[in-house]
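Here the sequence shown stands for residues -30 to -1, 1 to 250, numbered as in mature numbering (1 follows the signal peptide of the UniProt record, and there is no 0). Every residue gets a Cβ at the ideal spot worked out from N, C-alpha and C, and that includes glycine. Just so you know, these numbers come straight off a predicted model, no measurement behind them. Data first, discussion second: the structure below is written as structure tokens.
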Amino acid sequence: MFRPRPASIVSAAALSLAVIAGTAAAPATASPGPVSAGPAHPSPAAPDRVSDLTYPTTISHRGGAAVYPEESMEGFTASVKDGFLPEMDIQFLEDGTPVLIHDDTADRTLNGVSGPIRDLSLEEWNSATIKSPTGGAEAETVTLDEALDELGGEVVMVPEIKPGATSAEVDQVLDEFDERDLSDSLIVQSFDFEAAKTIAKRGYTSLYLMGATLPKQSFDEISDAGIEWVGPSKNLPTRDLRKLDKAGFHVAPYTLKTSKDGHRLPGWIDGYFTDDAWTK
């Protein structure tokens, strides 16, 4: 369950429900006010099973980090409402609690705390706020549990287990997904090939992230590991993107500035990550 919310956030519940229900338009270029802490009701436009995806699929990077506070519930629910797959990053607190933040330190995106995420207590995490990319309202931090309580099984989510996670932590996260029966509704990412292999072995759709060059593993090695998706940098040459496509992988480059850039990609690309899924 969610931790108690400040009155200023709880009072925004009516606005949030209107947005999620489609009775109010979600802002596309300005940071919104806080949204509801209550259960989300995603639009049918946001698929809830990986098998129901249509291509190219738009992955809202960090919940739309150019529009909403990065890795906030505001960004996740707004992405879902408009049919985009919310993407998030998993790091770990001092006590092992999985939380959603990209960096391994708090300084760039959070107010109220600083230093390594692994040095923070849960109390410190809960007291922090997420900065707005546009200077608007800040947002509350989000644990993995809170995100899964809100959206788990209701939409295809794209969590990344960040580099540095131990094999035990990878299993911890996958165990939590198992407990919630989410194998059909997650694309789980990692830059770590061994973690990507474990993700696939555990029955999840695995996305192997790579940089601006092809990985050291052969395509057969990646495929034999059960990995179906690859996430190369947008700077990987088009000829190499095409090689990945011809090898049978779903190819989803990261990170495009807006969806307008996504529409310029070759037609054989199956998805893309963007910081602003709303700007066409």
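Taking the Cβ atom as the reference point for each residue, do residue i and residue j lie within a distance shorter than 8 Å?
i    : j    : result
P86  : V37  : no
K132 : Q187 : no
S153 : D18  : no
L80  : T111 : yes
I192 : Y174 : no
W199 : S229 : no
A76  : A98  : yes
A247 : S30  : yes
Have a look at residue i and residue j and give me their C-alpha separation to the nearest angstrom.
i    : j    : result
M43  : A117 : 7 Å
A170 : S91  : 31 Å
P223 : G82  : 33 Å
V20  : V158 : 11 Å
P26  : L55  : 12 Å
G8   : A165 : Only weak support is given to the placement of G8: the predicted model assigns it a pLDDT of 36, under 50, and the value that follows is read from those uncertain coordinates. Going from the Cα of G8 to the Cα of A165 covers about 33 Å.
W95  : A217 : 42 Å
P2   : K101 : Residue confidence is low: P2 scores 40 on pLDDT, short of 50, so the model does not pin down where it sits. No coordinate-derived value is stated.
V69  : P129 : 11 Å
Drop a sphere of 10 angstroms on the beta-carbon of residue i, count the other beta-carbons inside from all chains shown, and report buried for 16 or more, exposed for fewer.
i      : result
P236   : exposed
G232   : buried
E40    : buried
D59    : buried
A107   : buried
A182   : exposed
E120   : buried
I(-22) : Summary for I(-22): the model assigns pLDDT 32, below 50, so the residue's position carries little reliability, and this model does not support an answer.
G45    : buried
D162   : buried
List the whole-angstrom C-beta distance separating residue i from residue j, where the pair is believed to meet the contact cut-off of C-beta under 8 Å.
i    : j    : result
T244 : T225 : 7 Å
Original post:
Could you give the uninterrupted runs of the alpha helix (DSSP H) lying entirely in the segment 69 to 113, keeping only those of 4 residues or more?
Top reply: 92 to 97
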